[in-house]
Amino acid sequence: MSVDSGSASMAARLGIKPGMVVQELGWDEDADEDLRDSIVEVSGSEMVDEDTDEVADVVLLWWREDDGDLFDALTDAITSLADEGVVWLLVPKSGRPGHVEPGDVTEVAPTAGLSQTSSVSAAKDWSGIRLVTPKAARSRR
Numbered sequence: 034m035s036v037d038s039g040s041a042s043m044a045a046r047l048g049i050k051p052g053m054v055v056q057e058l059g060w061d062e063d064a065d066e067d068l069r070d071s072i073v074e075v076s077g078s079e080m081v082d083e084d085t086d087e088v089a090d091v092v093l094l095w096w097r098e099d100d101g102d103l104f105d106a107l108t109d110a111i112t113s114l115a116d117e118g119v120v121w122l123l124v125p126k127s128g129r130p131g132h133v134e135p136g137d138v139t140e141v142a143p144t145a146g147l148s149q150t151s152s153v154s155a156a157k158d159w160s161g162i163r164l165v166t167p168k169a170a171r172s173r174r
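My numbering puts the first residue of the sequence shown at 34, with every later residue one more than the last.
Next comes the structure, spelled out in structure tokens:
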């Protein structure tokens with residue numbers, strides 16, 4: 034299967050590489066299908082869901098303002114995350130239904146054991162916030 038450069042660049046913005054295990058949480062009908070397809074194409078396999086036993090290199094968490102408790106969602110997201118793994122919190126862009134204020138993420142992420150490292154425009158209507166476990170936690174062996 035060939036990946037066109039537009040699709041590849043969508044997945045590349047999130048650091049997706051061939052062979053990565055990507056877990057998807059919070060999917061709903063408003064999720065960006067082009068982004069989802071590009072991740073599957075670049076990684077080379079279907080995304081896994083919350084019931085997986087696999088260790089995820091990347092967790093894709095679709096999150097909207099009315100989805101519930103962000104702390105609970107983030108702590109669930111890191112349950113199957115690899116030591117060097119990344120959580121991409123995907124939130125609707127400003128002005129879109131379900132938009133999440135950046136301050137909400139900044140406040141909750143550290144409490145859930147995550148540090149925010151960067152933000153990207155992940156798709157037409159979605160922003161991606163890159164979250165990782167602190168280096169001290171990642172370097173324990």
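All C-beta atoms in this analysis are idealised placements derived from N, C-alpha and C, irrespective of residue type, glycine included.
Checklist entry - What residue ranges within the segment 117 to 147 form continuous alpha helix (DSSP H) runs of no fewer than 4 residues, ordered along the chain? => result 135 to 144
Checklist entry - Distance, Cα to Cα, Ser151 vs Gly136? => result 14 Å
Next on the checklist: Starting from Ile162, trace the beta strand (DSSP E) in both directions and tell me its first and last residue.
Outcome noted: 159 to 165
Checklist entry - According to the Cβ coordinates, are Gln149 and Ala142 closer than 8 Å? => result yes
Checklist entry - Exposed or buried, what is Gly59 when buried is set at 16 or more other beta-carbons lying within 10 Å of its beta-carbon? => result buried
Checklist entry - Which partner residues does Glu57 have in the DSSP bridge list? => result Leu93
Checklist entry - Counting pairs of Cβ atoms below 8 Å between the segment 125 to 132 and the segment 101 to 114, do you hit three or more? => result no
Checklist entry - Just checking my contact of Leu107 with Val120 at CB under 8 Å: how many whole Å lie between their CB atoms? => result 7 Å
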